[in-house]
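Undergrad:
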Amino acid sequence: MKSVILKTQQIAFLLLGFVLISAQQKMKIPADAPFYMEINGKQLNKKVNWEKLNPFIQEIAKKDKKSKEKFSWNDYSKTGIKYDATQYHYATFNDSIQTYTTHFILDNKEKFLEFINSTKKKGLEISKKSKYSYVDIGDNTFVAWNDNRAVLSVVNYSKPYKDLWKDDVVVDSVAAVVDSAAAVVDTAYAEEPELPFNYKDEIKNLKDDIKYLKDNIKDNNTEIARIQKDIKYLEKHHEYPKEEKETTDKEYSENDAEVAPPAVKEGEPENEDFPVDTAYQKEMDSLRIEEFKIVKKFAEDRFETYFNSNLELDVPQGMLNFRDPNSDVFVYTDYGKIVKDGIYGRMMKRYDFNQFFDKVYNSNTSYNLYFDKDKVKLVNTYQHKNTEIQKNISSIYKGKKNKKLMALINDKSIGYYAMNVNGSKCFDMMYSLLDNTGEGEYEKEMQLMMETMKIVLDEEAIAKIAPGNGIFVLNELKSKKVEYTDYDYDADYNEKEVKKTKDVMVPNFTFAFATENEKYWNRIFNVLATNKKLAKTFSKRGDFYVFKEEKSAGYIDELFFTVKDGIVYFTTSTDNILPKPQSAISKEWAKDSGKYPLTGRFDIQKLLIGLEKEFKSTSERKTLDVLRKHIGEVYYKTEAKGDRIETEIDYNIKDSSENSLMYFFDVFDEIYKIMEDPKKELKTL
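704 is the number that the numbering used here gives the last residue of the sequence shown; the numbers go up by one with no jumps.
As structure tokens, this is what we get:
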């Protein structure tokens, strides 16, 4: 019996060991990564039309101004990457290093190698490791792969100097260069002891230096020679060569633009060769090599970790709490870390109440993106990390609806923004953010200020003035001629005022909100109308108070104010306060505005019609025509769902595109062609 129990225990421990080993083999995404993204290739790849997209990508690649070597690849639909598999992206950063990493699956290693060879620098050899190969396709971009997996890593390094926001010196927590080799020290790891000198490693490092210099020396010499020619010219003529004025204005693409050589004057040799400043070149190359070694070592460490794992990613559950597996793209962001650990965090640390800012931004936000047939849908989920603060935020989004405000919604308007929140709960949220945010000597003062605010502020009375129901409706945009003063200059540069006119777009809008204290608002308007200094611009006309400038040279001629049936109105026309006939769709919008704390609609097509006169040139007019043909409308709604705030934004397309993903390509393709037409015409001149 004992032997059976003993064997059972051994098997159990063995199985447990295998489970632990398997768990340890997963590649862990840093728990403090402020950005994580999944691309659902299984769904998204079905929505991509490569016959349209591939030639367009080729055209863009040809005109890539940053690329010193043009890619020879001609079929981006067959790169060896498995497009119908999930892609994983994440970013990290600290005091001196920022990384962006992408993991994807391969379905054709040979095709992928062809693609890599077409993008890397000519003559650059691929480094082969025991479990993977890798190559740098840029000074800070590295790609590693094995038979069925690949990783793209972009690493940026900036040596930290004295912090502008602090008096002490920042210690580089990422990299330290020991002798000629780079020893990368990440913030998550302790510093390793210095290894004994190894001449083989030193030879390898020197060979790497030669490769790097060969790849960059040609570009360096060209740029240095150009700058030195400018220096010589300035020393001799004390100015840059004057540019010849053209009789007509022309537009040139960056491809056509060439640096004109300095004008040759009498007695000056036409082709003067200047020696390259070798000391300067060595110094710059040394800095580049140092930075390249650091980012390369950092990328190598990540590659080693991944390809020595079971090639599965271990994503912290907190990042996936609001992921929808049916979405096309999922994104998680730690907004608190982005703000706190970036340059804004360093700025805030200079102030005594930086804990307040830490509390405000201490939140996570997730996004689920869907490319449907007739619309793009984005679902945004916000959650504060402090449960008590999140409860107070959620309580604000539980207000009462107001039918009188809902009646102002109509389908003929350009757009509206409606809110039904609980204004009194704003005080609870404010108190929770301010509580325990004093530091050191200011802690008692902060507590006293909190108590004083609670005593002085009559929360119920303030909430009655504006309970939290409001709406803004943009009805239309009208053209108006206004006069303005410009300045001209004569031949002697004497300034002269000139009166000119121009067309501006004037908004016709209504802003209204509910109140339980009409007398308060009537008293405010009455004081403004009876004040001697303000009487010239603010007066009463029937049931309305009117604000009108003496010389109407602005965008708005008159503003009308009134209080009626528990609603305060600010509007550009008295007719706007009257309920408008509602169609079936506008009745649905009005219903949503009462159901959700925040709702809105924005018809971009109608807005562009109103802004038509702002597009003046031929290309601008053509672009406007394209946008008017394709552009759709935005509709969104926000509500509190348990321990989070969820916002859905729908962009409804008005187009015959295959789906909303290709819709964006179709629109961009047409605009791109319009932008390219003038450049093609200039080339034929």
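Ideal Cβ placement from N, Cα and C applies to all residues, glycine included.
Computed from a predicted model, the values in this text were never measured in an experiment.
At a cut of 8 Å, does the segment 517 to 526 reach the segment 547 to 561 through at least three beta carbon pairs?
TA: Segments in contact, no.
Undergrad: Could you have a look at GLN601 and say whether DSSP puts it in helix, strand or coil?
TA: Correct three-state label for GLN601: coil.
Undergrad: Using 10 angstroms around the beta-carbon of SER13, count the other beta-carbons present and answer buried if the total reaches 16, otherwise exposed.
TA: Outside the modelled stretch of the chain, which goes from 20 to 704, sits residue 13, for which no answer is possible.
Undergrad: Tell me whether the beta-carbon of TYR714 lies closer than 8 Å to the beta-carbon of PHE544.
TA: For residue 714 there is no data in the structure shown, the boundaries of the chain being 20 and 704.
Undergrad: Does the beta carbon of ASP94 come closer than 8 Å to any beta carbon on chain C?
TA: Included in the structure is just one protein chain, with no chain C present.
Undergrad: Within the continuous alpha helix (DSSP H) that includes PRO74, where are the two ends?
TA: Looking at the DSSP string, the run of the alpha helix (DSSP H) that includes PRO74 is 69 to 81.
Undergrad: Distance check for GLU537 and THR549, CA to CA, integer angstroms please.
TA: Distance between the alpha carbons of THR549 and GLU537 is about 18 Å.
Undergrad: Between THR593 and the rest of its own chain, which residues show a CB-CB distance below 7 Å, the 5 nearest in sequence each way excluded?
TA: PHE563 and PHE579.
Undergrad: I'd like to know whether the C-beta atoms of LYS255 and LEU680 end up nearer to each other than 8 Å.
TA: The answer is no: Cβ separation not under 8 Å.
Undergrad: Go ahead and label ALA209 buried or exposed: buried means 16 or more other beta carbons lie within 10 angstroms of its beta carbon, across all protein chains shown.
TA: Low confidence applies here, because ALA209 scores a pLDDT of 38, under 50, leaving its location unreliable and the question unanswered by this model.
Undergrad: Quick check for students: name the residue ranges of the beta strand (DSSP E) that lie wholly in the segment 128 to 156, counting only runs of 3 or more.
TA: You should have 152 to 155.
Undergrad: Grab me the residues of ARG7's own chain with a C-beta within less than 6 Å of its C-beta, minus the 5 sequence neighbours each way, in chain order.
TA: For residue 7 there is no data in the structure shown, the boundaries of the chain being 20 and 704.
Undergrad: Thinking just about the alpha-carbon of each residue, which of ASP353, ALA110 and GLU652 is nearest to the one in ILE623?
TA: The candidate whose alpha carbon is nearest that of ILE623 is GLU652.
Undergrad: Here's a check: name, in chain order, each residue in its chain whose Cβ is nearer than 6 Å to the Cβ of PHE349, leaving out the five neighbours to either side.
TA: GLU57, ARG342 and ASN387, listed in sequence order.
Undergrad: Grouping DSSP H, G and I as helix and E and B as strand, with all else coil, what is GLY489?
TA: Note: GLY489 maps to strand in three-state DSSP.
Undergrad: Below 8 Å on the Cβ atoms is my contact criterion, and I expect VAL314 with TYR95 to pass it. Report the Cβ-Cβ distance as a whole number of Å.
TA: Their Cβ separation, rounded to whole angstroms, is 26 Å, which puts VAL314 and TYR95 out of contact at 8 Å.
Undergrad: Just verifying my parser: in three-state terms, what is the DSSP assignment at TRP608?
TA: Helix.
Undergrad: Tell me which residue opens and which closes the alpha helix (DSSP H) that THR549 is part of.
TA: First-last of the alpha helix (DSSP H) with THR549: 537 to 549.
Undergrad: Rounded to whole angstroms, how far is the Cβ of THR118 from the Cβ of SER172, which I believe are closer than 8 Å?
TA: The Cβ separation is near 7 Å, so the contact holds.
Undergrad: Pick out whichever of ASP669, ARG647, HIS108 and TYR539 has its Cα sitting closest to the Cα of THR657.
TA: For THR657, the nearest C-alpha among the options comes from ASP669.
Undergrad: With contact counted as at least three CB pairs below 8 Å, one residue from each stretch, are the segment 482 to 494 and the segment 432 to 444 in contact?
TA: Short answer: they touch.
Undergrad: Could you give the C-beta distance for ALA533 and GLY613, rounded to a whole number, given that I count them as a contact under 8 Å?
TA: Between GLY613 and ALA533 the Cβ distance is about 12 Å, and since that is not below 8 Å, they are no contact.
Undergrad: Tell me which same chain residues have a C-beta within less than 6 Å of the C-beta of VAL395, skipping the five on either side of it?
TA: So the qualifying residues of the chain are TYR670 and SER679.
Undergrad: Using the rule of at least 16 other Cβ atoms within 10 Å of the residue's Cβ for burial, across every protein chain shown, is ARG620 buried or exposed?
TA: With 16 or more Cβ atoms within 10 Å of its Cβ, ARG620 is classed as buried.
Undergrad: Please check the pair ALA104 and GLY60, which I expect to be a contact at CB under 8 Å, by giving their CB distance rounded to whole angstroms.
TA: Yes, they are in contact, since the Cβ atoms of ALA104 and GLY60 sit about 5 Å apart, within 8 Å.
Undergrad: Between ILE484, MET449 and LYS483, which lies nearest to MET468 when the distance is taken from Cα to Cα?
TA: Checking every option, the nearest Cα to that of MET468 belongs to MET449.
Undergrad: Based on the DSSP output, what are the partners of GLN106 in its beta bridges?
TA: Paired residues: ILE58.
Undergrad: Taking the alpha-carbon positions, what's the PHE687 to MET694 distance?
TA: Answer to the nearest angstrom: the Cα atoms are 10 Å apart.
Undergrad: Hey, quick one: how far does the alpha helix (DSSP H) through ILE586 stretch, first residue to last?
TA: Here ILE586 belongs to no alpha helix (DSSP H); instead the beta strand (DSSP E) covers 586 to 590.
Undergrad: DSSP beta-bridge partners for SER382?
TA: Answer is HIS403.
Undergrad: LYS97: which of TRP69, PHE123 and TYR416 sits nearest, CA to CA?
TA: Comparing Cα positions, the closest option is TRP69.
Undergrad: Do the CB positions of ILE428 and SER605 come within less than 8 Å of each other?
TA: Cβ atoms of ILE428 and SER605: closer than 8 Å.
Undergrad: Under the criterion of a Cβ to heavy atom distance below 7 Å, does ILE313 qualify as lining the ligand GTP?
TA: In terms of ligand content, the structure shown is empty, and the ligand GTP therefore cannot be addressed.
Undergrad: Count the other CB atoms within 10 Å of the CB of VAL546; is the residue buried (16 or more) or exposed (fewer)?
TA: Exposed, since its Cβ has fewer than 16 Cβ neighbours within 10 Å.
Undergrad: If distances are taken between C-alpha atoms only, which option among GLN106, ILE76 and ILE596 comes closest to LEU63?
TA: Among GLN106, ILE76 and ILE596, the Cα nearest to that of LEU63 belongs to GLN106.
Undergrad: What are the boundary residues of the alpha helix (DSSP H) that HIS649 is part of?
TA: Start and end: 637 to 649.
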